[in-house]
Structures are given as structure tokens and as C-alpha cells.
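Residue numbers (the numbering used here), protein chains in the order written: chain A, 4 to 245; chain B, 4 to 245. Every residue, glycine too, gets a C-beta built ideally from N, C-alpha and C. Keep in mind it's a predicted model, so treat the numbers as computed, not measured. The next block holds one structure in the form of C-alpha cells; read it before the comments.
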DNA sequence: TCTACTTAGAGTCAATCTGACTCTTACAAA
DNA sequence: TTTGTAAGAGTCAGATTGACTCTAAGTAGA
């Protein structure tokens with residue numbers, strides 16, 4: 004006990020992003036938070052997470068807390084940052100290694116909601132426990148920055164999607180309109196997307212192509228790090244969670 | 004003792020980059036390594052670092068090990084990644100939070116060299132302890148990637164420098180020739196550099212302008228994280244190390 | 001069955017950016 | 001005074017990007 008108190012504690016937390024229809028109808032960027040059930044910050048909202056166990060990989064720990072709090076599996080998972088300021092926890096010294104994740108919107112609907120787990124609009128959060136507001140701000144910044152130079156947007160979508168759906172991800176996350184024609188040109192030039200040959204029927208207009216991501220291309224370039232995390236970055240869609 | 008063994012240990016290491024003239028005369032990218040003086044990997048080269056102490060910030064710990072092993076202060080310091088695979092240390096479980104740093108070349112000459120601290124060419128390293136080869140590869144990748152879209156090159160240089168010197172940083176780090184005219188246009192357009200009005204004399208050709216970095220502009224955009232690390236990112240040149 | 005409405009998807013155009021290149025300037029050395 | 005070298009200004013063509021137009025192909029309603 005006293006030994007543990009005199010050491011630096013190591014925790015893993017995860018910022019989980021999803022896109023969900025708001026009350027008004029249009030989709031918005033949301034993330035799940037858990038209510039703290041003990042001091043410090045008892046009763047306040049915080050990022051899902053917990054102490055790192057001895058026989059658990061960092062990314063595994065992030066996936067696990069994600070699964071435990073939301074019953075979801077990440078479509079995209081990446082390490083965000085290690086936070087270790089001296090004063091970030093009032094009593095003990097905690098270093099938090101934070102991950103950020105994307106989950107598909109339609110899965111997010113099936114996610115757990117309870118008294119102690121709730122989804123919040125990413126841009127309008129209450130005052131969170133610890134330095135978690137800063138952490139979420141940074142995760143948001145990384146998400147927005149990365150969306151512009153990388154191809155991670157489909158992490159919010161299902162296996163197949165129209166270009167309009169993909170474009171809507173950009174518009175909602177970046178909070179600005181995107182020209183449909185130029186967007187199409189950009190996506191086609193990137194070569195990361197493949198037409199399935201099927202079309203989405205039932206629209207009150209010309210039926211759009213359905214696309215699928217070219218899984219042979221890695222979503223983002225992690226450099227030499229992909230040697231380490233590549234097999235874990237993309238969790239199979241068809242994987243059963245047992 | 005046994006309590007410590009059953010917990011996850013937390014260490015901070017730093018990849019330190021400098022530019023130094025090679026034996027052949029032209030500058031090359033080098034980094035200091037320390038020889039391990041105990042098991043595991045006794046006798047092998049490893050990144051400078053050590054356990055995180057209870058009352059020390061992460062970036063401080065990185066700066067400290069940097070100062071201890073090389074007697075240098077970083078011109079640029081940034082968190083690289085937290086490495087935590089289960090098998091990265093043979094006996095115990097260690098999570099290493101790794102930083103990477105740039106030090107000025109002329110200062111690097113004054114750096115410590117000893118039996119157990121030596122500088123190596125970054126692209127031609129021996130087999131290192133633990134997963135440190137992977138870590139250096141990743142740090143190199145980040146350095147090269149970041150150099151292209153960010154303005155960190157002057158971290159290798161002194162307070163004033165010519166555009167040719169700045170361009171040489173790019174050429175050596177990126178391992179490709181850079182067109183002088185286009186480079187000048189790019190740097191001038193970025194607005195991060197200010198002419199001092201002085202010129203470098205003694206060259207066998209037209210004397211070049213000396214420039215200085217515009218310190219009012221932050222070197223890189225860390226987003227919301229600058230709230231946290233901005234004052235620490237840039238360590239004053241004139242600061243005495245006491 | 002025809003018309004209106006809506007988005008898909010192809011294409012155009014001009015401004016900007018980028019890489020390759022030329023030309024003149026200003027110093028040191030011979 | 002001539003020669004060599006890099007500084008620094010400038011040019012030009014191809015690629016990229018944002019704004020925009022036009023036709024295609026569905027549904028819904030008259």
C-alpha cells in the first residue's frame with residue numbers, strides 16, 4: 004500500500020469519437036464519458052480508463068476500457084499522448100497514456116448508455132475531472148488535423164458508404180462545408196476507396212455508388228511504428244467480441 | 004522490492020539529434036548513446052534515460068537525462084511515443100515514454116564523449132538494447148516528416164545562420180538536394196525567419212545575409228497542447244544550467 | 001405519363017503552388 | 001584585372017486547388 008503510494012501510477016485512458024444524429028437530425032461528433040464513483044472528482048465526468056495491468060499491452064488496455072464502458076470495438080485506434088504533469092491528480096502522481104479511437108456511428112447506437120456512462124457533444128462538454136478537458140481538446144485537434152492529411156474518415160462509417168456520407172464526416176468533424184465535386188476528385192485521386200459496383204437505392208434522386216475502403220492500403224502512415232501497431236490499428240469489422 | 008517487481012515500471016528516454024561534421028567533412032546526423040553497465044543488455048548501447056522520479060515532470064526528466072549524458076540543453080524537445088509492449092524488457096515490465104530532442108551542432112562539439120557515451124551516425128547504428136532500434140527509427144521518421152511541414156530545422160543551428168546553412172540542415176536530414184532558389188522562396192514565404200541586417204564575411208563569394216528565427220512564432224503547432232508544453236518546448240539559449 | 005425536384009457525377013476555368021531553371025551581383029583569391 | 005563561387009532576384013511550365021457549370025438518373029407528386 005504505502006509502497007504503491009510512493010510510486011508513479013500508470014493509467015490508460017481513451018477518447019472515443021463517434022458520429023451520431025443529434026436531436027435536430029444532423030449528425031454531430033460525440034464521445035462517451037463515465038461518471039466518477041469515488042474521490043477525487045467524485046460525481047464528475049471523466050474519460051473511460053483505468054490502471055495499466057502488468058500483463059497487458061497499452062493498446063489492449065485502451066481497447067478493453069473502450070469495450071467495458073461502451074461495448075464497442077474501435078474502427079481506428081491510435082496513441083494520443085502521455086500526460087504526466089505533477090499536479091494533474093490532487094493526491095497521487097499519475098501518468099496517463101491516452102489513446103483516441105473512432106467507432107462506427109451505427110454501432111455507437113448500440114452502445115451502452117447508463118446512469119454512469121453517457122455520450123456528450125464533443126464541442127460542448129461539462130467541466131471534466133483531472134486534466135481531461137485538455138486531453139479531449141488535444142484529441143479533437145488531432146482528429147481534425149489528421150482528417151485533413153490522412154484517410155481515417157471511414158472509421159466513422161460502416162463497411163460500405165457513399166461519397167456523400169464520407170463527405171458528411173468531413174463536414175461535421177471539420178465544421179465547414181466541403182464542395183462535392185472537389186471532394187470526389189480528391190478521394191478518387193487518393194485511390195484509397197474502391198467502388199463496390201452496388202448502388203444505394205431508395206433515395207429521392209439519382210442513386211449513388213457504394214464504396215468500400217481499400218484495406219490493402221494502411222489508413223495512415225505511422226512510419227516504422229507500423230511494425231509494432233499495424234495489426235492492432237485496424238480491428239476487423241467481422242470480429243465477434245467474445 | 005517484490006512489490007516493485009510486480010508493478011509496471013515507468014522510464015523516460017530521449018533520442019537526441021545533432022548535426023556534426025563527419026570525418027569526410029560534410030555534416031551528418033548523429034545521436035548519443037550510452038553503454039549499459041548492467042544486465043539486461045550489459046555492454047550494449049542504449050538510449051539515454053532512466054526511471055521517472057516521483058516529483059519530476061516527463062519533459063523535465065527527458066531534459067535531465069539529456070543534460071546528464073551529454074551536458075547539453077535541447078533547442079527543441081517533443082514527446083515521441085510511449086512504448087509498452089509486454090516483451091520489450093526481458094525480465095520486468097517497463098513502459099518507456101520517449102522524447103526526441105534537437106541540439107545545436109556547435110554545442111554538440113562541446114558534448115561529453117567518454118568510454119560509455121558516444122555519438123553515432125543516425126543511419127548506421129549498431130544493434131541496440133531493448134527495442135531501441137525501433138525507437139530510433141521512429142524518431143528519425145518523425146524528424147524527417149516534421150521537418151517537411153514544420154519549422155524546426157533551426158534547432159540544429161546557432162542563433163543566427165545563413166539560408167545556405169539552414170538549407171544544408173534540410174539536405175542532410177532529408178538526404179536529398181534542395182534547390183537554393185526554391186528554398187529561399189519557401190522560407191521567406193513562411194515568415195518564420197528575420198534578416199538580422201548583418202552579413203557573414205570571409206566567404207570566397209558574395210556574403211550572405213544572417214537570419215534569426217522569429218521567436219514570436221511558435222516552431223510547431225501543438226494545438227491545445229501548447230497550453231501545457233509551450234514554455235518548455237523552447238529552452239532559452241542564454242539560460243545557464245545550474 | 002409527365003413534370004418538378006434533388007443529388008450524382010463529369011467536366012471547366014482561373015488562381016495558386018511547385019520544381020527546374022536563368023541571370024545578375026558581390027565578394028575572395030590569384 | 002580576371003576568375004571562381006555562391007547570393008539572391010526572377011522566369012516559366014506543369015500540377016494542384018477552389019469555385020463553378022452542366023447533364024444524368026432516380027423519386028414524388030400532379
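If you measure between the beta carbons of residue i and residue j, is that distance less than 7 Å?
{"i": "residue 88 of chain B", "j": "residue 102 of chain B", "result": "no"}
{"i": "residue 197 of chain B", "j": "residue 217 of chain B", "result": "yes"}
{"i": "residue 105 of chain A", "j": "residue 53 of chain A", "result": "no"}
{"i": "residue 288 of chain B", "j": "residue 30 of chain B", "result": "Outside the displayed span of chain B (4 to 245) sits residue 288 of chain B, for which this structure offers no information."}
{"i": "residue 85 of chain B", "j": "residue 100 of chain A", "result": "yes"}
{"i": "residue 114 of chain B", "j": "residue 80 of chain B", "result": "no"}
{"i": "residue 35 of chain A", "j": "residue 73 of chain A", "result": "yes"}
{"i": "residue 33 of chain B", "j": "residue 51 of chain B", "result": "no"}
{"i": "residue 107 of chain B", "j": "residue 147 of chain B", "result": "no"}
{"i": "residue 49 of chain B", "j": "residue 128 of chain B", "result": "no"}
{"i": "residue 145 of chain A", "j": "residue 166 of chain A", "result": "no"}
Taking only beta-carbon positions, decide if residue i is within less than 7 Å of chain B.
{"i": "residue 235 of chain A", "result": "The pLDDT assigned to residue 235 of chain A is 42, lower than 50, so where the model puts this residue is not dependable; a value taken from the coordinates is nonetheless given after this. Not an interface residue."}
{"i": "residue 77 of chain A", "result": "no"}
{"i": "residue 175 of chain A", "result": "no"}
{"i": "residue 11 of chain A", "result": "yes"}
{"i": "residue 226 of chain A", "result": "yes"}
{"i": "residue 55 of chain A", "result": "yes"}
{"i": "residue 155 of chain A", "result": "no"}
{"i": "residue 214 of chain A", "result": "no"}
{"i": "residue 69 of chain A", "result": "no"}
{"i": "residue 217 of chain A", "result": "no"}
{"i": "residue 60 of chain A", "result": "yes"}
Answer with yes or no whether the minimum CB distance from residue i to chain A is below 7 Å.
{"i": "residue 85 of chain B", "result": "yes"}
{"i": "residue 146 of chain B", "result": "no"}
{"i": "residue 141 of chain B", "result": "yes"}
{"i": "residue 89 of chain B", "result": "yes"}
{"i": "residue 18 of chain B", "result": "no"}
{"i": "residue 96 of chain B", "result": "yes"}
{"i": "residue 100 of chain B", "result": "yes"}
Taking the alpha carbon of residue i as the reference point, which residue from the options has its own alpha carbon closest?
{"i": "residue 118 of chain B", "options": "B:226, B:40, B:173, B:192", "result": "B:40"}
{"i": "residue 149 of chain B", "options": "A:45, A:226, A:140, A:202", "result": "A:226"}
{"i": "residue 123 of chain B", "options": "B:229, B:165, B:139", "result": "B:139"}
{"i": "residue 110 of chain B", "options": "B:215, B:24, B:204", "result": "B:24"}
{"i": "residue 211 of chain B", "options": "B:200, B:219, B:220", "result": "B:200"}
{"i": "residue 195 of chain B", "options": "B:219, B:184, B:181", "result": "B:219"}
{"i": "residue 215 of chain A", "options": "A:20, A:168, A:181, A:28", "result": "A:168"}
{"i": "residue 19 of chain B", "options": "B:204, B:125, B:134, B:173", "result": "B:125"}
{"i": "residue 43 of chain A", "options": "A:71, A:184, A:116, A:91", "result": "A:91"}
{"i": "residue 231 of chain B", "options": "A:45, A:136, A:160", "result": "A:136"}
{"i": "residue 162 of chain A", "options": "A:206, A:213, A:190, A:116", "result": "A:213"}
{"i": "residue 70 of chain A", "options": "A:120, A:172, A:45", "result": "A:120"}
{"i": "residue 46 of chain A", "options": "A:133, A:183, A:185, A:190", "result": "A:133"}
{"i": "residue 202 of chain A", "options": "A:184, A:229, A:179, A:164", "result": "A:164"}
Can you have a look at residue i and say buried or exposed, based on whether 16 or more other CB atoms are within 10 angstroms of its CB?
{"i": "residue 17 of chain A", "result": "buried"}
{"i": "residue 170 of chain B", "result": "buried"}
{"i": "residue 58 of chain B", "result": "exposed"}
{"i": "residue 27 of chain A", "result": "exposed"}
{"i": "residue 208 of chain A", "result": "exposed"}
{"i": "residue 66 of chain B", "result": "buried"}
{"i": "residue 192 of chain B", "result": "exposed"}
{"i": "residue 204 of chain A", "result": "exposed"}
{"i": "residue 172 of chain B", "result": "buried"}
Validate contact between the stretch 89 to 96 of chain A and the stretch 7 to 21 of chain A using beta carbons, cut 8 Å, 3 pairs: yes
The stretch 57 to 64 of chain A contacting the stretch 139 to 159 of chain A, beta-carbon criterion three pairs below 8 Å: no
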